[in-house]
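Numbering (full-length UniProt numbering), first residue to last: 1 to 246.
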């Protein structure tokens, strides 16, 4: 049985049972006013219960068709259909049983109890109808997941971050300039000192080279006798190139 046929069958039986329930079960106004006989009312009450019970047949056929594993119907839908069948049968049985009991019992004595049973049967029938149609909703595939939304940051935060970045860049630039200036000053101080030291060394070397020549010339021209005096008399040479005799 197709889905359309099952829905039409179930809906037609449910509507017919609802109309009969209103006129001949509760509040049964025509019978209480004397427009219809008690016998007709009893028969129509039994028919109402039968219609509610027979409304479970399309639910049964739908359950037998969809419980096959190749369809992959969710378990929730199958459970709803099973529950709907049970509730339809229970509601129909309550209405039929109360209608039969009403034949031998008077409404004056047990009327409130019978009306309570009829009201409970109506509530159960409504639950059965809802369970049948909710089963089709349970068969639907789940909706696709929604993409995650990325929250955009406010412009204030961006402005603060940009200002912080500019301040950091300015500080780095100032630090670099200070380092370059300090390095240039140190190079300038080191260069004159190195030049002065090199000039002093050059002068010392030139004086040292000139003194041996003068000594050699003096020895050749004025040769002094050798003796103790010569051993004791030694020349001392200072850093500035001045010779001192002992």
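Just so it is clear, CB atoms sit at the ideal spot from N, CA and C, and this is done for glycine as well.
Bear in mind that the values here come from a model prediction, so they are computed numbers and not experimental data.
(request) Assign residue 133 to buried or exposed, taking buried as 16 or more other Cβ atoms, counted over all protein chains shown, within 10 Å of its Cβ. (result) exposed
(message) Mapping the DSSP letters down to three states, classify residue 11 as helix, strand or coil.
(response) helix
(request) With a cut-off of 8 Å on the beta carbons, I'd call residue 73 and residue 66 a contact; round off their distance for me. (result) 5 Å
(request) Pull up the distance between the alpha-carbon of residue 113 and that of residue 106, whole angstroms please. (result) 11 Å
(request) Using only alpha-carbon positions, find the residue among 55, 104, 102 that is nearest to residue 131. (result) 55
(request) Closer than 6 Å by C-beta to residue 31: which residues in its own chain qualify, once you throw out the five before and the five after it? Chain order, please. (result) 41
(request) Check residue 73 in the structure and name its three-state DSSP category. (result) coil
(request) Apply the 10 Å Cβ neighbour rule to residue 71 and answer buried if 16 or more other Cβ atoms are within range, or exposed otherwise. (result) exposed
(message) Taking the beta carbon of residue 38 as the centre, do at least 16 other beta carbons fall within 10 Å, making it buried, or is it exposed?
(response) exposed
(message) With a threshold of 8 Å between beta-carbons, can residue 93 be considered close to chain C, or not?
(response) Judged by its chain identifiers, the structure shown contains no chain C, having just a single protein chain.
(request) Would you kindly check if the distance between the Cβ of residue 87 and the Cβ of residue 124 is under 8 Å? (result) yes
(request) Can you say whether residue 68 is buried or exposed, counting buried as having 16 or more other CB atoms within 10 angstroms of its CB? (result) exposed
(message) By the three-class DSSP mapping on this structure, what secondary structure does residue 84 have?
(response) helix
(message) If you reduce the DSSP assignment to three classes, tell me which class residue 41 lands in.
(response) helix
(request) With distances taken Cα to Cα, identify the nearest neighbour of residue 96 among 104, 118, 83, 111. (result) 118
(request) Please classify residue 3: does DSSP put it in a helix, a strand, or coil? (result) helix
(message) Buried or exposed for residue 53, going by 16 or more other Cβ atoms inside 10 Å?
(response) buried
(message) Would residue 1 and residue 62 qualify as a contact pair, given that the criterion is a beta-carbon distance under 8 Å?
(response) yes
(message) So, with DSSP's three-state summary, where would you put residue 190?
(response) Caution is warranted here: a pLDDT of 44 is assigned to residue 190, below 50, making its placement in the model unreliable, and the coordinate value is therefore given only provisionally. DSSP places residue 190 in helix when its eight states are reduced to three.
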